[in-house]
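Q: First the structure, then my questions, so here it is.
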Ligand SMILES: [Zn+2]
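Residue numbers (my numbering): 4 to 338.
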């Protein structure tokens with residue numbers, strides 16, 4: 004079975020099945036709330052051979068079983084190489100073990116390249132194996148590089164026969180307008196807090212409220228942070244540890260997460276300096292800045308540092324410098 008059973012997707016899925024007029028839908032909204040899962044559910048439903056109109060996939064017909072086993076001949080999932088294995092795993096779909104990296108071979112790409120789209124076009128032109136539909140899911144659609152997106156345009160506009168598309172995107176503004184305009188938009192907003200908390204509780208997440216706030220209300224991200232070992236207590240302790248210049252507060256974290264956490268902290272401190280509550284941290288966890296100016300300067304420095312967060316030359320020195328910078332900015336803002 005798919006692990007894509009996120010309870011807050013039921014209503015958007017029903018809505019999408021009822022309202023879909025186009026052969027191409029674009030699921031769009033913030034990351035960490037299930038766009039890929041919704042696109043996959045749509046695909047399974049379009050392929051299901053035993054459902055009433057506008058109903059989701061039955062889950063037990065021959066097509067649904069093929070789908071769940073990851074071997075449906077009329078389904079294609081197009082993702083960047085760098086995402087493929089982990090995303091397939093999180094969806095419960097089988098995947099081929101990537102070959103051991105060969106000497107001189109480039110790292111898996113974060114882009115969807117034109118070669119992948121060309122393979123897809125062959126699938127698009129073939130006859131549907133089971134005669135119900137053929138479905139392509141593309142995630143994240145903004146990963147299509149320019150050449151790949153252009154190669155896709157004609158098929159997206161005039162798909163042959165039974166072909167349908169479900170694109171999913173965290174950043175639909177980054178899509179080529181020509182791609183966007185060929186798709187029916189399907190917004191997927193943040194789930195309601197109660198539904199998100201209930202789901203996190205069902206996954207055994209302690210301190211779910213704090214982690215959900217920490218992620219700006221994105222339950223999948225909160226679960227991922229929990230699984231990576233972050234606790235609510237550690238998150239709430241972070242602002243004051245950083246203000247004291249404790250590098251150890253962040254030294255176990257991967258560089259992109261360090262930047263992300265510091266940007267959330269900076270954002271909340273700017274809000275506090277304007278007398279507003281924080282968004283990502285509890286009120287009691289945050290120092291009380293009196294001036295915004297040093298924080299705004301820090302924010303600009305963080306944005307510059309974020310460009311190198313994927314591969315700093317020396318991660319521990321880089322984190323030390325960021326913490327020192329944070330300590331200085333927070334101290335200046337308190338005066
Ligand atoms: Zn079915």
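Idealized CB from N, CA, C, for every residue including glycine.
By DSSP, does residue 66 sit in helix, in strand, or in coil?
A: Counting from one through the chain shown, the residue named residue 66 turns up at place 63. Three-state DSSP puts residue 66 in a helix.
Q: Out of 80, 153, 84, 86, which has the shortest C-alpha to C-alpha gap to residue 2?
A: Residue 2 falls outside the range modelled here, since the chain spans only 4 to 338, and no answer is possible.
Q: Look up residue 58 in the DSSP assignment and say whether it is helix, strand or coil.
A: Within the chain shown, the letter at position 55 stands for residue 58. It is coil, neither helix nor strand.
Q: Specify whether the stretch 210-219 and the stretch 36-48 touch according to this definition: at least 3 beta carbon pairs, one from each stretch, less than 8 Å apart.
A: Result no; under three Cβ-Cβ pairs closer than 8 Å.
Q: For residue 126 and residue 199, what's the separation of their Cα atoms in angstroms?
A: Working through the chain shown from its first residue, we reach residue 126 at position 123. Working through the chain shown from its first residue, we reach residue 199 at position 196. Whole-angstrom Cα-Cα distance: 37 Å.
Q: How many angstroms separate the CA atom of residue 36 from the CA atom of residue 278?
A: Here residue 36 corresponds to residue number 33 of the chain shown, with the count starting at 1. Here residue 278 corresponds to residue number 275 of the chain shown, with the count starting at 1. Approximately 30 Å between the Cα atoms of the pair.
Q: Bridge partners for residue 206 per DSSP, in chain order?
A: Residue numbering aside, residue 206 sits at position 203 when the chain shown is read from its first letter. Looking at the DSSP assignment, residue 206 forms no beta bridge with any residue, so it has no partner.
Q: Pull up the distance between the alpha-carbon of residue 190 and that of residue 31, whole angstroms please.
A: Here residue 190 refers to the residue found at position 187 when the chain shown is read from its first residue. Here residue 31 refers to the residue found at position 28 when the chain shown is read from its first residue. Cα to Cα, residue 190 sits roughly 5 Å from residue 31.
Q: By a C-beta neighbour count over all protein chains shown, 10 Å radius and 16 as the cutoff for buried, is residue 164 buried or exposed?
A: For this step, residue 164 is matched to residue 161 along the chain shown. Its Cβ having fewer than 16 others within 10 Å, residue 164 is exposed.
Q: Could you tell me which residues DSSP pairs with residue 140 in its beta bridges?
A: By 1-based counting over the chain shown, the position of residue 140 is 137. Answer by DSSP bridge pairing, in chain order: 80, 169.
Q: Please find out if some non-hydrogen atom of ligand 1 comes closer than 8 Å to the beta-carbon of residue 53.
A: Residue numbering aside, residue 53 sits at position 50 when the chain shown is read from its first letter. Flag set: Cβ of residue 53 near ligand 1.
Q: Expressed to the nearest angstrom, what Euclidean distance is found between the alpha-carbon atoms of residue 228 and residue 215?
A: As a first step, residue 228 must be located in the chain shown, where it is residue number 225. As a first step, residue 215 must be located in the chain shown, where it is residue number 212. Rounded to whole angstroms, residue 228 to residue 215 spans 10 Å at the Cα level.
Q: If you draw a straight line from the C-alpha of residue 179 to the C-alpha of residue 239, how long is it?
A: Residue 179 sits at position 176 when you count from the first residue of the chain shown. Residue 239 sits at position 236 when you count from the first residue of the chain shown. Distance between the alpha carbons of residue 179 and residue 239: 40 Å.
Q: May I ask you to check if the CB of residue 66 is nearer than 8 Å to at least one heavy atom of ligand 1?
A: Taking the first residue of the chain shown as 1, we reach residue 66 at position 63. Within the cutoff, so yes.
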